[in-house]
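Everything on this sheet refers to the single structure shown next.
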Amino acid sequence: MTDSRRDTVRAVIVTALLVACVAIVTLVNTRWREATVLNHFAYLPIAIAATWWGRRGALVALIPVATLGLLDVLGMTPAPSWTDAVRGAFFLAAGGVIGTLSDRLRARGAVLRASEANLHAVIEASSTGVIVYRDDRIVFVNRRIAALLGDGKTDDHVVGRSIWEFVHPEDQPGIHVLLSQRADDPLAALRYEYRLLRMDGAIVWCDIASAPVVFDGKPAILVSVYDVTDKHEAEERRLELLRRAREQEDQLVHSTRLAELGEMAAAVAHELNQPLTGIRNYARNATYMLENDAGDAQEVRGNLRLISEQVDRAARIIQQMRSLTRKSDREFVPVDIVGIIREAVDFLAAQFRLSGCEIRLHFGEGHPVVMGDRIRLEQVILNLLTNARHAMEDAAERVLTVRTRIEPESPQSVVVEIEDTGKGFAPDEAEKLFRPFYSTKGPGRGTGLGLSISLSIIKEHDGLIEAWGQPDQGARFTVRLPAAPPGSRATEVTT
Ligand code: ADP
């Protein structure tokens, strides 16, 4: 029924009751001379009108009051005038009280309806999707969800369906687990990031929070849904770029290792030459003794043992070459940093010897184990040692000092210092050295990548690398790495 039709019907009812009231009051007082009970009929139209129209409606009380007054003036009522006056006052008071209460109720209802409308408008306009479901059936969704999951125009496609129709099958088990956790704590609010399915089958990544509510007077679950597909795609793109960057960096690390290897080839050839010459001489010696019955079995055995030692030495050199050229996948395990330094120093020992450099090793107390990738850490040490050797080429005094120590403050760190007495550098240059392609070694010698790769490797290990130098007074590179958790045992070297 429309508002105006309803008002007309009400007006007709109240008018009919008033007419009846006037008739009854007149008849009761004039014809039957009965002034009490039936006069109360007047309360009926007054109460109804005051309920429907408030204090304004209570004015209808004036009609029975006027009727009574008129009859009284005309002397047609059996009761004394003062009782008619009291009766009329009661009519007016009843109308006033009921009208005031009705006005108040109506005002409160209007406030409630306005706030409900506001709330509804806010929920509908919200960029967060809102779903309410009960017993797995969706009972309410806002416009955002209709757009996100349905056809975007109405919520008809979504409301009434099972909530699980919109959850990606691979994510359902995880959500069941979360919901079972809520079974332990029914008031717990849950938050998670999962894939929802649109009606057309497309996937939408959503940040979802859910909590129990009372909806339409019954318990239900309120789910707020925030579309994070863009963020997710951006994150995937970022990870893909990171993966590619890592691949390229691996490739670069590998290439610089090969470049260093090329430079080392001469020294390695020299190094291999020694055991080979030894092997040839001991073999010739043994053959001579056997052919000419010279020497005894003991001497021949001694020669063979020396041959075997020289073969081991040659094999070690070749093994180190292989470990250096091997392309590594990152593998973070507890590694013995002193072992790595020893190997790197061993590997470059021939070059240092040829350059007339003295090597001093000071390995401090304790057994420094760090979590790291041994091949990449070895790459850093080799680079620092090679730079030190290059820096000392024209120096009068050529001493390389390598120190290690454990710094006990928490968390523990392992410090490696590689110091040389070479040409050094100005203190303000220190930072520049780590920039890619910064090199002072001239064409064909330096790539300018060694220290920048070393920096990225050390950062990958959550460590720090710093350079100190003074022109013609040498340089010191300090690497600081977090120590492996107490009790970690370094894994054996496999090459
Ligand atoms: P490259 O060795 O190929 O030049 P690096 O990144 O390893 O590239 O080194 C960059 C530059 O840092 C070197 O060219 C050199 O000028 C400077 N440098 C590195 N180590 C030392 C050192 N121990 N003493 C003096 N200068 C150094």
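Here the sequence shown is numbered in our numbering, starting from 512 and rising by one per residue.
Backbone N, C-alpha and C fix where the C-beta goes; we use that ideal spot for every residue, glycine too.
Helix or strand or just coil, what does DSSP make of residue i?
i: Ser638; result: coil
i: Leu975; result: strand
i: Tyr554; result: helix
i: Pro938; result: helix
i: Leu582; result: helix
i: Ala855; result: helix
i: His743; result: helix
i: Val652; result: strand
i: Ser673; result: strand
i: Arg517; result: helix
i: Arg645; result: strand
i: Glu869; result: strand
i: Asp931; result: strand
i: Asp804; result: coil
i: Ile524; result: helix
If you count every other CB in all the chains shown that lies within 10 Å of the CB of residue i, and 16 or more means buried, which is it?
i: Thr1005; result: Because Thr1005 sits at a pLDDT of 44, beneath the cut-off of 50, its placement in the model cannot be relied upon, and the following sentence gives the value as read from the coordinates. It counts as exposed.
i: Val597; result: exposed
i: Ile848; result: buried
i: Ser637; result: exposed
i: Ile829; result: exposed
i: Gly640; result: buried
i: Gln862; result: buried
i: Ile976; result: buried
i: Tyr455; result: Here the chain has residues from 512 to 1006 only, and residue 455 is not among them.
i: Gln821; result: buried
i: Pro556; result: buried
i: Gly961; result: buried
i: Glu627; result: exposed
i: Val1077; result: What is shown of the chain runs 512 to 1006, which leaves residue 1077 out entirely.
i: Ser515; result: exposed
Rounded to whole angstroms, how far is the Cβ of residue i from the Cβ of residue j, which I believe are closer than 8 angstroms?
i: Arg645; j: Lys729; result: 6 angstroms
i: Gly985; j: Thr932; result: 4 angstroms
i: Ala980; j: Pro947; result: The amino acid at residue 980 is misidentified as Ala; the sequence shows Gly. With 8 angstroms as the limit, Gly980 and Pro947 do not qualify as a contact, their Cβ atoms being about 19 angstroms apart.
i: Val881; j: Leu992; result: 4 angstroms
i: Gly610; j: Ala569; result: 4 angstroms
i: Arg909; j: Gly867; result: 6 angstroms
i: Arg605; j: Ala558; result: The identity of residue 605 in the sequence shown is Ala, whereas the question assumes Arg. Confirmed, about 7 angstroms.
i: Ile969; j: Gln890; result: Actually they do not touch by this definition, with Cβ atoms about 11 angstroms apart.
i: Val525; j: Thr578; result: 15 angstroms between Cβ atoms; not a contact.
i: Ile649; j: Val678; result: Not really, about 12 angstroms apart at Cβ, beyond 8 angstroms.
i: Val734; j: Glu704; result: Val734 to Glu704, Cβ: 13 angstroms. No contact.
In this structure, what does DSSP give as the bridge partners for residue i?
i: Ile714; result: Leu708
i: Met882; result: Pro845
i: Arg916; result: Val926
i: Pro723; result: Ile732
i: Gly909; result: Inspection of the sequence shows that residue 909 is occupied by Arg rather than by Gly. In the DSSP output, where bridge partners are listed per residue, Arg909 has none listed.
i: His679; result: Paired residues: none, contrary to the question.
i: Phe874; result: Thr915
i: Tyr473; result: In this structure the chain extends from 512 to 1006, so residue 473 is not present and cannot be described.
i: Tyr793; result: Note: Tyr793 sits in no beta bridge, so no partner.
i: Asp738; result: Cys717
i: Tyr799; result: None; Tyr799 has no bridge partner.
Could you tell me which uninterrupted beta strand (DSSP E) segments, each at least 3 residues in length, are contained entirely in the stretch 977-1002, listed from first to last along the chain?
-> 985-993
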